[in-house]
Amino acid sequence: MPTSAPHRVPSPESRIPVLTIDGPSGSGKGTVARLVAAELGWHLLDSGVLYRAVGLLALERDIAMTDIQALADLARDLPIRFEPTADGVSVRLEGRIRDHDLRTEEAGTTASQVAAIPEVRDALLDRQRAFAQAPGLVADGRDMGTVVFPHAAYKVFLTASVQERAQRRHKQLMAKGVVTILSGLLEEIRERDARDSARAVAPLKAADDAVCIDSTALPVEQVVAIVLERVRQRG
Ligand code: DC
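Below you can see the structure in the form of structure tokens.
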């Protein structure tokens with residue numbers, strides 16, 4: 435039986451300032467989280483990478499999406515390490531840098547499937563909470579403000595229209611030389627949103643005390659400025 439998150443129990447992160455940034459795929463939360471963390475000098479948790487790593491290794495080890503026990507064991511003992519680099523963080527899986535493989539659409543889709551399994555989510559909870567270290571943490575994902583860090587001092591929910599998110603992803607992929615069809619991406623993003631929002635455990639939704647920002651018509655610098663202002667205003 436998976437244990438549920440200790441919403442009422444004071445958790446370790448309550449002593450460390452935590453800023454949670456949740457939102458759907460392509461809302462820009464990853465970029466905003468990275469820039470805000472750099473500006474504040476705080477640690478960064480990209481929680482999606484953990485689900486991507488479980489998905490990628492499950493594919494490579496031929497673990498079926500129905501083998502809950504094997505997936506939960508993999509999540510609990512995930513052989514992952516984060517290494518600071520000049521422009522962010524690199525991810526090592528089983529000792530190998532796998533940044534590119536973790537960012538593919540296939541890894542994203544598999545991540546979304548393993549993320550719907552309560553036992554996998556439960557197995558990743560402690561690892562995520564361990565990122566809350568002084569002087570502070572910026573954590574981005576889907577359930578950072580609702581489940582993982584319910585006591586976070588600052589919570590943001592970042593959205594953008596599905597068309598805008600598909601266009602941003604299309605532009606990113608084209609810049610990398612990956613040819614994709616916009617309508618296909620739109621469909622994939624819709625499907626992923628539906629799966630992430632409809633799942634029974636830790637669905638994608640804004641925490642009651644989160645500030646909602648719609649980034650459809652806002653440049654990333656402006657979103658970063660709004661978030662930083664919120665944090666600095668509240669001290
Ligand atoms: O943010 P991302 O695209 O890297 O996330 C990949 C998938 O992982 C996404 O479809 C939903 C899931 N995810 C989640 O369920 N909870 C999180 N905290 C982060 C990601």
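Residue 551 in the numbering used here sits at position 117 of the sequence shown; the count goes up by one each step and never skips. Here a beta-carbon is modelled for each residue, glycine too, at the ideal position from N, C-alpha and C. Please read all numbers here as calculations on a predicted model, not as lab measurements.
1) Thinking C-alpha only, which one of Val470, Ser595, Arg510, Leu619 is nearest leucine 491?
2) Taking the straight line between their C-alpha atoms, what separation do you get for alanine 644 and arginine 629?
3) Could you tell me the distance, in whole angstroms, from the CA atom of isoleucine 660 to the CA atom of valine 654?
4) Under 8 Å, do isoleucine 450 and alanine 573 count as touching if we go by C-beta distance?
5) Identify, in the order they occur along the chain, each residue of the same chain with its Cβ nearer than 6 Å to the Cβ of aspartate 577, setting aside the five sequence neighbours on each side.
6) Would you identify the three-state DSSP class for threonine 538, choosing helix, strand or coil?
7) Output the residue ranges of the beta strand (DSSP E) runs that lie fully inside the segment 476-541 and measure 3 residues or longer, sorted by chain position.
8) Mind checking lysine 605: buried by the 16 CB within 10 Å criterion, or exposed?
9) Regarding valine 466 and the ligand DC, is the C-beta to nearest heavy atom distance less than 7 Å?
10) Go to glycine 575, then tell me how far its alpha helix (DSSP H) extends in each direction, as first and last residue.
With the structure as the only source:
1) Relative to leucine 491, the option among Val470, Ser595, Arg510, Leu619 whose CA is nearest is Arg510.
2) Their Cα atoms are separated by approximately 22 Å.
3) Each residue's CA atom was taken as its position, placing isoleucine 660 and valine 654 some 10 Å apart.
4) For isoleucine 450 and alanine 573, no; Cβs fall outside 8 Å.
5) Cβ neighbours of aspartate 577 beyond the five flanking positions: Ala636.
6) Here threonine 538 sits in coil by DSSP.
7) Every beta strand (DSSP E) stretch that sits fully inside the segment 476-541 and reaches 3 residues is listed by chain position as 477-480, 514-519, 522-527.
8) The residue is exposed, with fewer than 16 neighbouring Cβ atoms inside 10 Å.
9) No, the ligand DC has no heavy atom inside 7 Å of this Cβ.
10) Not the alpha helix (DSSP H): glycine 575 falls in the beta strand (DSSP E), residues 571-575.
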